[in-house]
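Engineer:
2 protein chains.
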Amino acid sequence: MTTAKGTGKGGSRRSAASGRRVRIATWNINSVRIRLEPLGRFVREWKPDILCLQETKVVDPDFPLDAVRSLGFAHHAVRGQKSYNGVAIFSRLPLASPAFEDWCDKGDCRHLSVELPGGVELHNFYVPAGGDIPDPDANPKFDHKLRFVDQMRDWFARRRDSRPRILLGDLNIAPLETDVWSHKQLLKVVSHTPVEVEKLGRMMEAHDWVDAVREVIPPEEKLYSWWSYRSPDWDMADKGRRLDHIWVTPGLKGAIRGAEVARAVRGFEMASDHAPVLVDLELPA
Amino acid sequence: MTTAKGTGKGGSRRSAASGRRVRIATWNINSVRIRLEPLGRFVREWKPDILCLQETKVVDPDFPLDAVRSLGFAHHAVRGQKSYNGVAIFSRLPLASPAFEDWCDKGDCRHLSVELPGGVELHNFYVPAGGDIPDPDANPKFDHKLRFVDQMRDWFARRRDSRPRILLGDLNIAPLETDVWSHKQLLKVVSHTPVEVEKLGRMMEAHDWVDAVREVIPPEEKLYSWWSYRSPDWDMADKGRRLDHIWVTPGLKGAIRGAEVARAVRGFEMASDHAPVLVDLELPA
DNA sequence: GGCCGATCCG
DNA sequence: CGGATCGGCC
Numbered sequence: 004m005t006t007a008k009g010t011g012k013g014g015s016r017r018s019a020a021s022g023r024r025v026r027i028a029t030w031n032i033n034s035v036r037i038r039l040e041p042l043g044r045f046v047r048e049w050k051p052d053i054l055c056l057q058e059t060k061v062v063d064p065d066f067p068l069d070a071v072r073s074l075g076f077a078h079h080a081v082r083g084q085k086s087y088n089g090v091a092i093f094s095r096l097p098l099a100s101p102a103f104e105d106w107c108d109k110g111d112c113r114h115l116s117v118e119l120p121g122g123v124e125l126h127n128f129y130v131p132a133g134g135d136i137p138d139p140d141a142n143p144k145f146d147h148k149l150r151f152v153d154q155m156r157d158w159f160a161r162r163r164d165s166r167p168r169i170l171l172g173d174l175n176i177a178p179l180e181t182d183v184w185s186h187k188q189l190l191k192v193v194s195h196t197p198v199e200v201e202k203l204g205r206m207m208e209a210h211d212w213v214d215a216v217r218e219v220i221p222p223e224e225k226l227y228s229w230w231s232y233r234s235p236d237w238d239m240a241d242k243g244r245r246l247d248h249i250w251v252t253p254g255l256k257g258a259i260r261g262a263e264v265a266r267a268v269r270g271f272e273m274a275s276d277h278a279p280v281l282v283d284l285e286l287p288a
Numbered sequence: 004m005t006t007a008k009g010t011g012k013g014g015s016r017r018s019a020a021s022g023r024r025v026r027i028a029t030w031n032i033n034s035v036r037i038r039l040e041p042l043g044r045f046v047r048e049w050k051p052d053i054l055c056l057q058e059t060k061v062v063d064p065d066f067p068l069d070a071v072r073s074l075g076f077a078h079h080a081v082r083g084q085k086s087y088n089g090v091a092i093f094s095r096l097p098l099a100s101p102a103f104e105d106w107c108d109k110g111d112c113r114h115l116s117v118e119l120p121g122g123v124e125l126h127n128f129y130v131p132a133g134g135d136i137p138d139p140d141a142n143p144k145f146d147h148k149l150r151f152v153d154q155m156r157d158w159f160a161r162r163r164d165s166r167p168r169i170l171l172g173d174l175n176i177a178p179l180e181t182d183v184w185s186h187k188q189l190l191k192v193v194s195h196t197p198v199e200v201e202k203l204g205r206m207m208e209a210h211d212w213v214d215a216v217r218e219v220i221p222p223e224e225k226l227y228s229w230w231s232y233r234s235p236d237w238d239m240a241d242k243g244r245r246l247d248h249i250w251v252t253p254g255l256k257g258a259i260r261g262a263e264v265a266r267a268v269r270g271f272e273m274a275s276d277h278a279p280v281l282v283d284l285e286l287p288a
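Chains A and B, in that order, give the protein sequences. The numbering of the first sequence is our numbering, which starts it at 4 and goes up by one. The numbering of the second sequence is our numbering, which starts it at 4 and goes up by one.
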């Protein structure tokens, strides 16, 4: 528990409102096959009801479905490719209407959406990292990233309606100054450059997205979800970035009951370089 | 303990003769860096005084010297290269005059010799495996193997003197019918072809070598030191081959006190595909 | 620093 | 099957 309104590691779930209390987690797992042990440990200890993964790095026929299913997820949707990217959604609640878009027409598996009970649309994203050089002319990966975010903005702008939606995943952008260990030193580092942050802001505005995690954990507070493998002593040095996000549409803002970055997971044996991010929502019944 | 005259896993060392009782082990460890745990376990349980390794697969500056030294070996000589081959000798007794030959002038690290107290010369070899096709014209690796053994024969033939010597290592040839799980099925399989077996025999004759292990374990008995990784259930199937050997010059024949293949080591976690081979010798004081 | 796949080698 | 290396990617 890191916040007053935290999600509570396996805590009680008393509900003050009328809906159904649901814990949603997003985690860039950096290869699901090699990470089954820490995944099991995370699920057993944090007990998410819905688990969204990125960078599964496995084609669908090779996905370790049984292992993940046996953690208590009766429902799932997966969408993977060889070597890179790959997204998946596991759920204790029924999932409907799995769908995806091929952003930038590259054939990448970077998006997967499902419908939750109560008509809530959930979108799981893995936004391109963008390479090293923050110049779209010199670096096609950065160009790809910017176009990807623009397309997301347009796509959701065209769907401004009253439908409750959740957008989450590894967006590979840390928007706030408190989302990085040093705003000044990262201004020219891909993930925190002004052009990326601005485009992410436009995307949020285009659909009135609410940053659910920052509704709970004040924007003044430092908060990270990723620490490089290259940093030895990542915990002490704490040179992190908040690249993983959970957003909700305005109608769900009042449903937020807690949020947390499961930082301890970054310290597990065989850890991913990302920590899971969680929110508790009181979903419409 | 597998034989009446076995070496005794950590047993007592009462000496009937005047010399110094020394336990010598040879093991193709198939990467020393990845095998430090089974190596430690083997050394703690079998307590060899001299440990000869092959296929260490590491250049000298990267050799995990401290880890192996801390198992009780105050003296050592190593000779490694990148990726392939590599030999090493560790010892509780002082080692003198490290030396080597570049057999077949390929720059391979396949040989290392030292002098033990009492003037005994110890030669640690990693003979080329020889590829798949047992035809020196069609397969340059097989040609290399045959020339390597020929050069060993000539080299030791030129040194027929009264000096006590030990030759050991992964010779990659199983000479006896009882050294393979099926003599008939392996006659055309590299490691047991007549041409290899004959060349190994000539090498033995050229220096009057005595097969120390077979002095203890009768040649009629099946005995293997290697089981392929590809065979699942290697222990049950037992499709092994005796590729690892310990030979001594005639003057040391009477010094042999025991011999053993540490087959259990092949069943360790993270096992090499070879098991260590050991002899106990009563070395001249 | 670490994961993936490809390639070489036993 | 399982070492080692290398280049791509993060």
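Glycine is no exception: its CB is placed at the ideal position from the N, C-alpha and C atoms.
1. Pick helix, strand or coil for V251(A), following the three-state DSSP scheme.
2. Around the C-beta of S275(B), are 16 or more other C-beta atoms found within 10 angstroms, so that it is buried, or is it exposed?
3. Give me, in chain order, the residues of the same chain whose beta-carbon lies closer than 7 Å to that of T181(A); leave out the 5 immediate sequence neighbours on both sides.
4. For P137(B), does the count of other Cβ atoms within 10 angstroms reach 16, so buried, or fall short, so exposed?
5. Taking all protein chains shown into account, do 16 or more other C-beta atoms lie within 10 angstroms of the C-beta of K191(B), making it buried, or fewer, making it exposed?
6. Identify whether Q84(A) lies in helix, strand or coil by the three-state DSSP scheme.
7. In three-state DSSP terms, what is G172(A)?
8. Among R161(B), A267(B), E58(B), which residue has its Cα nearest to the Cα of D238(B)?
9. Would G83(B) pass as a contact of V62(B) if the rule is Cβ separation under 8 Å?
10. Going by beta-carbon coordinates alone, are K60(B) and S94(B) separated by less than 8 Å?
11. Can you tell me the Cα-Cα spacing of E208(A) and W158(A), whole angstroms?
12. Expressed to the nearest angstrom, what Euclidean distance is found between the alpha-carbon atoms of K151(A) and G89(A)?
13. Can you tell which of G75(A), P143(A), W184(A), H78(A) has the C-alpha that lies nearest to the C-alpha of A240(A)?
14. DSSP puts G243(A) in a beta bridge; with which residues?
15. Do you know how far the Cα of L54(A) is from the Cα of A132(A)?
16. Since S94(B) sits in a beta bridge, which residues does DSSP pair it with?
17. Using the C-alpha atoms, what's the distance from V130(B) back to S15(B)?
18. Nearest-angstrom Cα distance between W49(A) and L42(A)?
19. Grouping DSSP H, G and I as helix and E and B as strand, with all else coil, what is L190(B)?
20. Can you tell me whether G261(B) is buried or exposed? The criterion is at least 16 other CB atoms within 10 Å of its CB, across all chains shown.
21. What's the gap between the Cα of H248(A) and the Cα of I37(B)?
22. If the criterion is Cβ atoms closer than 8 Å, does the pair L171(A) and W250(A) meet it?
23. Closest by CA to Y232(B), which one among A258(B), A278(B), K256(B), M206(B)?
24. In whole angstroms, give me the CA-to-CA distance for D164(B) and E263(B).
25. Who does W106(A) pair with in a DSSP beta bridge?
26. Can you check whether the CB of I92(B) is closer than 8 Å to the CB of V282(B)?
27. What does a CB cutoff of less than 6 Å around A99(B) pick up in its chain, not counting 5 residues either side in sequence?
28. Tell me the rounded alpha-carbon separation between Q57(A) and L39(A).
29. Anyone know if the C-beta pair for L115(A) and P101(A) falls short of 8 Å?
30. If we count the other Cβ atoms within 10 Å of its Cβ and call it buried at 16 or more, is R162(A) buried or exposed?
31. What do you get for S73(B), buried or exposed, if any count of 16 or more other CB atoms within 10 angstroms of its CB means buried?
32. Going by C-alpha to C-alpha distance, which of P64(A), V193(A), H210(A), W230(A) sits closest to N142(A)?
33. For P139(A), which residues in the same chain have their Cβ closer than 8 Å to its Cβ, ignoring the five residues on either side in sequence?
34. Given a cut-off of 8 Å on the beta-carbon distance, is the pair S228(B) and V280(B) in contact?
35. How is the alpha helix (DSSP H) around H147(A) delimited, first residue to last?
36. Pick out whichever of D65(A), E104(A), P64(A), R47(A) has its Cα sitting closest to the Cα of F76(A).
Structural biologist: Taking the geometry as given:
1. Residue numbering aside, residue 251(A) sits at position 248 when the first sequence is read from its first letter. V251(A): strand per DSSP, three-state reduction.
2. Here residue 275(B) refers to the residue found at position 272 of the second sequence. Per the 10 Å Cβ criterion, buried.
3. As a first step, residue 181(A) is located in the first sequence; it is residue number 178 there, counting from the start. Within the same chain, T181(A) has close Cβ partners P222, E223, E224, K225, L226.
4. On the second sequence, residue 137(B) is found 134 positions in, with the first residue counted as 1. With 16 or more Cβ atoms within 10 Å of its Cβ, P137(B) is classed as buried.
5. To locate residue 191(B), count along the second sequence from 1; it is residue 188. Answer is exposed; the Cβ neighbour count stays below 16.
6. As a position in the first sequence, residue 84(A) is number 81, starting the count at 1. Three-state DSSP puts Q84(A) in coil, outside helix and strand.
7. If you number the first sequence from 1, residue 172(A) lands on position 169. Three-state DSSP puts G172(A) in a strand.
8. Numbered from its first residue, the second sequence carries residue 238(B) at position 235. Selected option, being the one with the closest Cα: A267(B).
9. Translated into the one-based positions of the second sequence, residue 83(B) becomes position 80. Translated into the one-based positions of the second sequence, residue 62(B) becomes position 59. Yes, they are a contact pair.
10. Locating residue 60(B) in the second sequence gives position 57, counting from the first residue. Locating residue 94(B) in the second sequence gives position 91, counting from the first residue. Cβ atoms of K60(B) and S94(B): not closer than 8 Å.
11. Within the first sequence, the letter at position 205 stands for residue 208(A). Within the first sequence, the letter at position 155 stands for residue 158(A). Going by the C-alpha atoms only, they are around 13 Å apart.
12. Looking up residue 151(A) in the first sequence gives position 148. Looking up residue 89(A) in the first sequence gives position 86. According to the sequence provided, residue 151(A) is Phe. The question's Lys does not apply to it. Approximately 16 Å, taken between the alpha carbons.
13. The residue labelled residue 240(A) in the question sits at position 237 within the first sequence. Comparing alpha-carbon positions, the option among G75(A), P143(A), W184(A), H78(A) lying closest to A240(A) turns out to be W184(A).
14. Here residue 243(A) is taken as the residue at index 240 of the first sequence, counted from 1. Answer is W230(A), bridged to G243(A).
15. Sequence index remark: in the first sequence, residue 132(A) carries index 129 (1-based). Sequence index remark: in the first sequence, residue 54(A) carries index 51 (1-based). About 21 Å.
16. Sequence index remark: in the second sequence, residue 94(B) carries index 91 (1-based). S94(B) pairs with I53(B), H78(B).
17. Sequence index remark: in the second sequence, residue 15(B) carries index 12 (1-based). Sequence index remark: in the second sequence, residue 130(B) carries index 127 (1-based). In this prediction, S15(B) scores a pLDDT of 41, lower than 50, which makes its location untrustworthy; the coordinate-derived value is nonetheless stated afterwards. One alpha carbon belongs to S15(B), the other to V130(B), and they sit about 34 Å apart.
18. On the first sequence, position 46 is the one that residue 49(A) refers to. On the first sequence, position 39 is the one that residue 42(A) refers to. Roughly 10 Å separates the two Cα atoms.
19. The residue labelled residue 190(B) in the question sits at position 187 within the second sequence. In this structure, L190(B) counts as coil in the three-state DSSP scheme.
20. Here residue 261(B) refers to the residue found at position 258 of the second sequence. Counting the other CB atoms within 10 Å of its CB gives G261(B) a total of 16 or more, which places it among the buried residues.
21. Here residue 248(A) refers to the residue found at position 245 of the first sequence. Here residue 37(B) refers to the residue found at position 34 of the second sequence. For H248(A) and I37(B), the distance between alpha carbons rounds to 38 Å.
22. The count along the first sequence starts at 1 and reaches residue 171(A) at position 168. The count along the first sequence starts at 1 and reaches residue 250(A) at position 247. Yes; because the gap between Cβ atoms is below 8 Å, this pair is in contact.
23. As a working note, residue 232(B) is residue 229 in the second sequence. Answer by Cα proximity: A278(B).
24. In the second sequence, the residue the question calls residue 164(B) occupies position 161. In the second sequence, the residue the question calls residue 263(B) occupies position 260. Each residue's Cα considered, the two are about 28 Å apart.
25. Working through the first sequence from its first residue, we reach residue 106(A) at position 103. Beta-bridge pairing links W106(A) to no other residue.
26. Taking the second sequence and counting its residues from 1, the one referred to as residue 282(B) is at position 279. Taking the second sequence and counting its residues from 1, the one referred to as residue 92(B) is at position 89. No.
27. Residue 99(B) sits at position 96 when you count from the first residue of the second sequence. Contacts found: E118.
28. Here residue 57(A) refers to the residue found at position 54 when the first sequence is read from its first residue. Here residue 39(A) refers to the residue found at position 36 when the first sequence is read from its first residue. Roughly 14 Å between the two C-alpha positions.
29. Your numbering for residue 115(A) matches position 112 in the first sequence. Your numbering for residue 101(A) matches position 98 in the first sequence. Yes, they are a contact pair.
30. As a working note, residue 162(A) is residue 159 in the first sequence. Exposed, since its Cβ has fewer than 16 Cβ neighbours within 10 Å.
31. Counting from one through the second sequence, the residue named residue 73(B) turns up at place 70. With fewer than 16 Cβ atoms within 10 Å of its Cβ, S73(B) is classed as exposed.
32. Indexing the first sequence from 1 puts residue 142(A) at position 139. Considering only alpha carbons, the answer is V193(A).
33. What you label residue 139(A) is simply residue 136 of the first sequence in a count that begins at 1. Here the set comprises F145, D146, L149.
34. Numbered from its first residue, the second sequence carries residue 228(B) at position 225. Numbered from its first residue, the second sequence carries residue 280(B) at position 277. Between S228(B) and V280(B), the C-beta gap is smaller than 8 Å, which places the two residues in contact.
35. As a position in the first sequence, residue 147(A) is number 144, starting the count at 1. Here the alpha helix (DSSP H) through H147(A) covers 143–160.
36. Against the first sequence, residue 76(A) aligns to sequence position 73. Ranking D65(A), E104(A), P64(A), R47(A) by Cα distance to F76(A) puts R47(A) first.
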